[in-house]
Amino acid sequence: MTSDAIARQRIDALRQQLATAAQAYHERDEQLIPDAEYDRLMRELEALEAAHPGLDRADSPSHQVGGRPSSRFPEVVHAMPMLSLGNAFSDEEVRDFVRRIDERLQRGQLLFSAEPKLDGLAISLRYEDGVFVQGATRGDGATGEDVTANLRRIKAIPDRLDGNGWPAVLEVRGEVYMPRADFERYNAQARLHGGKVLANPRNGAAGSLRQLDPKVSAQRPLSFYAYGTGEVDGGELPSTHSATLARLAQWGFPVSDLCRVVEGADGLLDYYRDIGARRDGLAFDIDGVVYKLDDRDGQHAMGFVARAPRWAVAHKFPAQEQTTTVEAIGIQIGRTGAATPVARLQPVQVAGVTVTNATLHNADQIARLDVRVGDTVIVRRAGDVIPEVVSVIVDRRPDGSRPWVMPQACPVCGAEIVREEGAAVWRCSGELSCPAQRKEAIAHFASRRAMDIDGLGDRYIETLVDAGIVRGVADLYRLQRDTLLLLKLALDAADPSALASAVAPHLPADTSGAWLNAVLKLDAAADGWRAQVLALPATFAWNPKKIATRWADNLIAAIDASRDATLERLLFALGIEHVGESTAKALAHWFGDLELIRRLPWPLFKRVPDIGGEVARSLGHFFEQDGNQQAIDALLQVGQVRIGDAHPPSSRLHEGLDLAQLLVEAEIPGITRLRAEKLVAVLPSAAQILDAEPACFIAAGLPEDTARGLTEWLDGDGHGQLLLSGETWMRRLLERTPAQAAQPAGPLDGQTVVLTGTLSGLTRDAAKARLEALGAKVAGSVSKKTAFVVAGSDAGSKLDKATALGVAVWDEARLLTFLAEHGHQP
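Terminal number for the sequence shown in my numbering: 835, no gaps in between.
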């Protein structure tokens with residue numbers, strides 16, 4: 010094959026690849042390859058066409074601008090073509106750009122307008138007599154799409170110009186973009202609710218403008234910057250580009266405050282480096298900077314070439330997106346137990362950093378993208394944002410790949426990974442036993458509303474856990490005063506030498522040397538050197554009498570005080586997912602005993618008012634984990650934590666607690682209370698139900714589809730055992746709670762009360778406790794079902810809502826009088 014034939018073959022392949030990518034990018038807002046790869050392929054095509062001019066064609070992608078307008082929108086023919094820009098990727102290419110202008114104009118001093126290159130969608134805005142009349146996309150440069158209705162929804166675009174002196178016809182050109190923070194918020198909500206996730210801010214902006222329903226566009230967080238003009242008729246603009254931008258700002262258009270006028274190549278490169286250093290902190294994505302000859306006469310003299318002006322160029326930054334291969338997909342467990350899938354990548358340079366891992370956010374995102382091991386993917390890294398996989402290049406997928414499935418067990422502790430109901434979040438259910446969650450679990454356990462261990466802050470927890478001294482919440486009750494003193498000294502010391510100097514006076518001369526030498530060998534710059542100090546063997550006897558000991562003494566006292574706990578505080582302190590203070594209080598009231606609560610199958614938790622399936626299952630998952638049970642055992646050992654308010658279960662558990670109700674609470678498809686009663690009348694035990702054939706269910710009066718659903722449920726993993734266990738514990742509950750005469754109802758039984766504002770006579774917590782003792786449910790928000798609102802001083806929106814809904818409002822005096830009448834003095 011001749012060299013021309015080889016060149017022709019490569020040129021045809023490049024044209025096809027570039028045309029396909031451009032069509033997807035400009036017409037469907039879909040990115041098949043990263044910008045960096047597109048630029049590289051385009052430069053290769055341009056070089057081949059320059060070397061083989063006989064193979065150049067007018068319809069080559071190297072001569073095209075943008076993509077064809079969509080047929081979904083009316084076409085707009087641009088009065089002046091909307092061209093693209095040539096690219097520069099090195100300092101030398103920028104100097105060549107300046108040199109070519111200097112050689113042609115021969116002016117000596119060259120001034121340029123330099124501005125950031127926003128990564129959004131180029132648009133044209135047409136104003137007639139100062140009124141916005143039409144807006145269009147760039148399209149193919151000659152013809153764009155009429156998106157006027159959508160552009161009117163962007164607050165940054167003025168409907169009418171400010172000031173005066175504007176031309177009769179003014180076409181303003183600029184970039185519609187999506188700010189980073191708004192992009193992240195939008196995607197976070199989309200992931201949470203299973204919606205469509207935007208690939209990047211540029212795609213978000215382009216896709217939003219191309220919505221046929223302007224109401225959809227209005228919901229997207231879009232903004233706009235003006236960067237130039239097109240057609241101007243019936244008036245004149247300033248003679249320089251920079252002055253024109255200033256005039257546009259006076260007329261009400263947003264113009265970037267990063268625009269600068271600089272001189273020569275050195276000025277351009279200094280600007281590039283300055284903006285590059287500030288890039289990660291900007292509120293919007295940029296992929297480079299743009300240099301424009303500032304003088305308009307000079308622009309006209311330079312003219313245009315192919316699809317770009319000779320007087321302007323885009324100087325690109327290192328790519329924030331690149332392609333690489335997924336070598337594996339792992340799971341990372343966060344401090345709160347959230348299980349985040351992470352792609353292990355073939356190392357690739359993205360934005361100047363070698364990337365080996367990228368977040369996949371959650372299992373739903375993986376399913377949407379269909380990411381598989383072996384896939385070629387586009388990876389994005391913007392600033393300090395964790396690298397993420399934004400799309401898969403399906404055409405490069407290897408044969409035999411399989412869809413990814415979320416593991417069932419935590420890779421750290423082995424506990425079950427469960428999905429939050431109604432959310433895209435999966436969590437490790439080994440809250441207390443999972444090392445990945447240890448610090449968060451301990452911080453919650455020690456918090457004021459839990460076990461209230463005052464003085465144990467995050468810094469101390471961090472170091473104690475890293476040193477291996479505290480491996481679980483029970484270890485808090487084994488802490489020694491000397492360990493805490495050494496911890497305080499280590500945290501106060503700037504480096505190992507400072508720590509050694511602080512401790513040395515308190516060490517006997519014959520034992521201090523080895524320990525001090527070990528400390529001095531630690532790397533002061535290394536993470537966790539303080540934890541390494543605590544982990545050193547305690548081979549010395551020291552005398553800390555001269556050290557301030559109040560903090561350590563107070564902390565030991567706070568730990569000791571927390572040993573005598575109420576059941577509701579301990580339940581809340583365990584950090585069970587979805588179990589807040591009110592749920593912990595309800596569990597303690599209804600069941601009364603931790604030993605009972607920790608053994609119950611999850612459907613029985615639903616017997617407590619306001620506990621639904623999601624909370625009940627969360628309780629069940631927590632107590633099913635061996636590690637969590639072991640952590641509770643360690644807490645309850647002699648001398649650790651003592652529960653002083655244990656009591657028999659509430660007699661109200663008798664109400665409606667039978668096998669039929671257990672079947673309903675187990676959420677078996679199609680099983681209602683009436684159908685469950687029919688089934689139990691024929692099969693009165695869980696064992697009989699498990700042994701029965703489907704025909705028996707139909708004979709008992711169940712519809713065929715319900716009988717089939719029950720059979721499938723019973724065959725499901727663990728369901729049969731759940732039913733047997735549930736029946737056993739139901740009977741034990743009934744045995745422990747003999748039926749009693751009905752207790753008199755409290756004056757607020759079944760009523761919902763809301764507290765708002767500041768109370769002077771008692772704390773909000775005290776008011777809540779006394780209202781609950783009288784039977785009320787104290788809620789955090791006002792609704793039509795609220796019985797009354799107690800409003801203290803500085804009451805806010807809750808009081809306003811109560812007034813709007815016609816809900817009764819009590820002041821503090823009325824509350825105190827009511828409490829006193831029912832035996833609750835302040």
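No residue lacks a Cβ here, since even glycine has one placed at the ideal position from N, Cα and C.
Quick caveat, the model's predicted, so the values are computed rather than measured.
Compute every distance between the C-beta of residue 370 and the non-hydrogen atoms of the ligand HEM, then say whether any falls below 6 Å.
Looking for the ligand HEM in the displayed structure turns up nothing, as the structure carries no ligands at all.
Could you tell me the distance, in whole angstroms, from the CA atom of residue 334 to the CA atom of residue 296?
Roughly 23 Å separates the two Cα atoms.
Nearest candidate by alpha-carbon position, reference residue 800, set 277, 817, 123, 595:
The shortest Cα separation from residue 800 among 277, 817, 123, 595 belongs to 817.
Ordered along the chain, which non-local residues of its own chain (more than five positions away) have a Cβ less than 7 Å from that of residue 284?
125, 267, 298.
To test your reading of the DSSP string, which unbroken beta strand (DSSP E) runs of 3 or more residues are found completely within the region 103-127?
Whole beta strand (DSSP E) segments, 3+ residues: 120-127.
Between 345, 217, 103, which lies nearest to residue 278 when the distance is taken from Cα to Cα?
Checking every option, the nearest Cα to that of residue 278 belongs to 103.
Boundaries of the beta strand (DSSP E) in which residue 96 is found, first to last residue:
Per DSSP, residue 96 belongs to the beta strand (DSSP E) from 95-97.
Within 10 angstroms of its Cβ, does residue 750 collect 16 or more other Cβ (buried), or is it exposed?
Any answer about residue 750 is weak, because its pLDDT of 46 lies below 50 and its placement is not dependable; what the coordinates show is given next. Residue environment analysis places residue 750 among the exposed positions, since fewer than 16 neighbouring C-beta atoms fall within 10 angstroms of its C-beta.
Proximal residues to residue 661 (C-beta, below 6 Å), its chain only, five neighbours per side dropped:
Taking residue 661 as the centre and dropping the five residues before and after it, the same chain places no C-beta closer than 6 Å to its C-beta.
Pick out whichever of 354, 489, 345 has its Cα sitting closest to the Cα of residue 453.
Closest option to residue 453, Cα to Cα, is 345.
In three-state terms, what does DSSP make of residue 339?
Reduced to three states, the DSSP call for residue 339 is strand.
How would you label residue 677, buried or exposed, when you count the other beta carbons within 10 angstroms and need 16 or more for buried?
With a 10 Å radius around the Cβ and a threshold of 16 neighbouring Cβ atoms, residue 677 comes out buried.
At which residue ranges does the region 276-363 contain complete beta strand (DSSP E) runs of 3 or more residues, listed in the order of the chain?
Segments of the beta strand (DSSP E) lying fully in the region 276-363: 295-302, 321-325, 330-342, 348-359.
6 Å Cβ shell around residue 563 - same chain, five flanking residues per side excluded
Excluding sequence neighbours, residue 563 sits near 464.
Alpha-carbon spacing of residue 48 relative to residue 387, whole angstroms:
In this structure, the alpha-carbon of residue 48 lies about 15 Å from that of residue 387.
Between the region 759-771 and the region 704-712, are three or more C-beta pairs nearer than 8 Å?
With the cut-off at 8 Å, the region 759-771 and the region 704-712 do not touch.
Which stretch, first to last residue, makes up the alpha helix (DSSP H) that contains residue 632?
If you look at residue 632, you'll find it in the alpha helix (DSSP H) that goes 622-633.
Applying the 10 Å Cβ sphere with the 16-neighbour rule, what's the burial state of residue 447?
A buried status is given to residue 447, since no fewer than 16 other beta-carbon atoms sit within 10 Å of its beta-carbon.
Classify residue 591 as helix, strand or coil using the three-state DSSP reduction.
Residue state, collapsed to three classes: helix.
DSSP-derived helix/strand/coil call for residue 788
Residue 788 carries a strand assignment under DSSP once its states are collapsed to helix, strand and coil.
Quick check: what's the CA-CA separation for residue 558 versus residue 495?
Their Cα atoms are separated by approximately 10 Å.
Taking DSSP's pairing of strands, which residues face residue 183 in a bridge?
Note: residue 183 sits in a beta bridge opposite 132, 235.
CB-CB length for residue 561 against residue 475, believed under 8 Å:
Residue 475 and residue 561 do not touch by the CB rule: their CB atoms are close to 19 Å apart, not below 8 Å.
Can you tell me the Cα-Cα spacing of residue 5 and residue 730, whole angstroms?
Because the chain is modelled from 10 through 835, residue 5 falls outside the range shown and cannot be assessed.
Can you tell me whether residue 790 is buried or exposed? The criterion is at least 16 other CB atoms within 10 Å of its CB, across all chains shown.
Exposed, by the Cβ-count rule.
In the DSSP output, what is residue 651 paired with across the bridge?
The partner list for residue 651 (beta bridge, DSSP) reads 573.
In whole angstroms, what separates the C-alpha of residue 531 from that of residue 587?
Whole-angstrom Cα-Cα distance: 43 Å.
Separation of residue 795 from residue 820, as counted between CA atoms
In this structure, the CA atom of residue 820 is about 16 Å from the CA atom of residue 795.
For residue 483 versus residue 649, is the C-beta distance shorter than 7 Å?
Cβ distance < 7 Å, so residue 483 and residue 649 count as in contact.
Distance, residue 177 Cα to residue 26 Cα
If you take the alpha carbons of residue 26 and residue 177, they lie about 44 Å apart.
Would you call the region 237-251 in contact with the region 303-317, where contact means no fewer than 3 C-beta pairs closer than 8 Å?
A contact exists between the region 237-251 and the region 303-317.
Which residues in the same chain as residue 566 place their Cβ atom closer than 6 Å to its Cβ, once the five residues preceding and following it in sequence are excluded?
Cβ neighbours of residue 566 within its own chain (closer than 6 Å, five residues either side excluded): none.
List the residues that DSSP assigns as beta-bridge partners of residue 817.
In the DSSP assignment, the residues bridged to residue 817 are 797.
By alpha-carbon positions, which one of 136, 772, 260 ends up nearest to residue 171?
With distances taken between Cα atoms, residue 171 lies closest to 260.
Count the CB pairs spanning the region 132-150 and the region 190-210 that are closer than 8 Å, and state whether there are at least three.
The region 132-150 makes no contact with the region 190-210: fewer than 3 CB pairs, one atom from each, lie closer than 8 Å.
Would you report the Cα separation of residue 758 and residue 497, rounded to the nearest angstrom?
Their Cα atoms are separated by approximately 50 Å.
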